[in-house]
Each structure stands twice: as C-alpha cells, then as structure tokens.
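Number 164 in full-length UniProt numbering belongs to position 164 of the sequence shown; there are no gaps in the numbering.
Single-structure report; data block below.
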Amino acid sequence: MKKIILLAAFFVSSLMFSQNAFDKLEGKEGIESIVVTKKMFEMMSKVKVDAKDKEMQQYMNLLKKLDNLQAVYTSNQKLTTDLNGAVSTYLKSNPLEAITTTTQDGNVIKVYGKTDANQTNVKEVLVVVNGNFNGVKTSVLSITGDFPLSEIALIVKKLNIPGADVIGKIEKK
C-alpha cells in the first residue's frame, strides 16, 4: 500500500512538474507569454461573425476544439537556453512524437504531437521555433484539444503569435 501511494505521489508530481515546465518561466524579465484557456476559447467561439467569411467560420469552428494554448517566447539569448531546457524537460515527461523538423530562412522549426487513438486528430502539439524573426530568438507554442494538425497555422496566425509566419510556411510544403 505504501508503495502504491509513493508511486501515485511520484506520478502526480511529475505531471504537475511537466505542466509547469513553461509556467515557471512566465513572469521572468525577458520572457513574453500568452495563455488562453478553454473558457476563453468557449467565449471566443460564441462571437457572431460574417457567415460569408469562410476563413473566419473555420477559425470559429477550430476554437470549439481547443482546450489550452500557451505561447512563450524571448529575444534574450540566455533565456533562449532556459526555454529550450524547459522544452527538453517537458518532452521527457510527456509522450509527444516528433512530427517534423525543418529549417527555413535560418529558423529551425520542430513540431511534436500526440494524436488520438485513430490518429486522425491531434490531442497536443508543441511547436518550437529557434532562429531570429522580428527580434524573437525562441518561440514555444503548446496547444491542446482535439483538432486536425492542418488547422494549427490558422489559430497561430489569428492570435498573432511570434513565429506564425514561419509556422504557416510548414503548411504550404
């Protein structure tokens, strides 16, 4: 019984640690972050939009499929190292598979994900962009929900997250 409790405590603490891998960098000078929760996505998806605007309709439908979005980015070289360390820590404690790695215009983009049982939708995607775009050296984007990977560029573009233009280029390949 004692072993079971210890294992459960270890499991819960490792889950909590992995969820906070990026949280502990938030609020640090030189780190910018955006967090959008399921509640906010629900509220955003209820906004009335022009029925003729197909892209906006697609965006509103995507919002209903999202649970959480967290973007953390920096232009500080030392904090880039810290942020990449947080990514490594996160990946060690979360079963995400490498989906793609690409280099474009000096930016290295790595995409990791976890799919549903049917492998038709993504449950979680982690996008890491290292390079230099508009002064930002490293950008990390974590999105959870139940959505097709092809819709990622749309949400990143609409939320104006640094690196969106680079991520959008992956879609076009």
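For each residue, glycine too, the CB sits at the ideal point set by N, CA and C.
From a predicted model like this one, the values you see are computed outputs, not experimental measurements.
Per-residue DSSP class, three states only, for residue i
i    : result
A81  : The sequence given here places Thr at residue 81; Ala does not occur at that position. Residue state, collapsed to three classes: helix.
L96  : coil
S49  : What sits at residue 49 in the sequence shown is Val, not Ser. DSSP places V49 in coil when its eight states are reduced to three.
F22  : coil
Q119 : coil
N107 : strand
N132 : strand
Inter-residue Cα distance where the pair is residue i and residue j
i   : j    : result
D53 : E151 : 16 angstroms
S45 : E124 : 20 angstroms
G27 : F41  : 23 angstroms
I34 : Q104 : 24 angstroms
Own chain, CB closer than 7 angstroms to residue i, minus 5 neighbours either side, in chain order
i    : result
I5   : Its pLDDT being 35, under 50, I5 is placed unreliably by the model, and the measurement read from it follows with that caveat. Taken in chain order, the list of residues that qualify is empty.
T115 : N121, V122 and K123
M56  : V49 and D50
Status (buried if at least 16 other CB within 10 Å, exposed otherwise) for residue i
i           : result
N132        : exposed
residue 194 : Missing from the structure shown is residue 194; the chain here goes from 1 to 173 and no further.
Beta-carbon separation (whole angstroms), residue i vs residue j, contact threshold 8 angstroms
i   : j    : result
Y73 : V140 : 7 angstroms
Nonlocal neighbours in the same chain, by C-beta distance under 6 angstroms from residue i, ignoring five residues either side
i    : result
N118 : none
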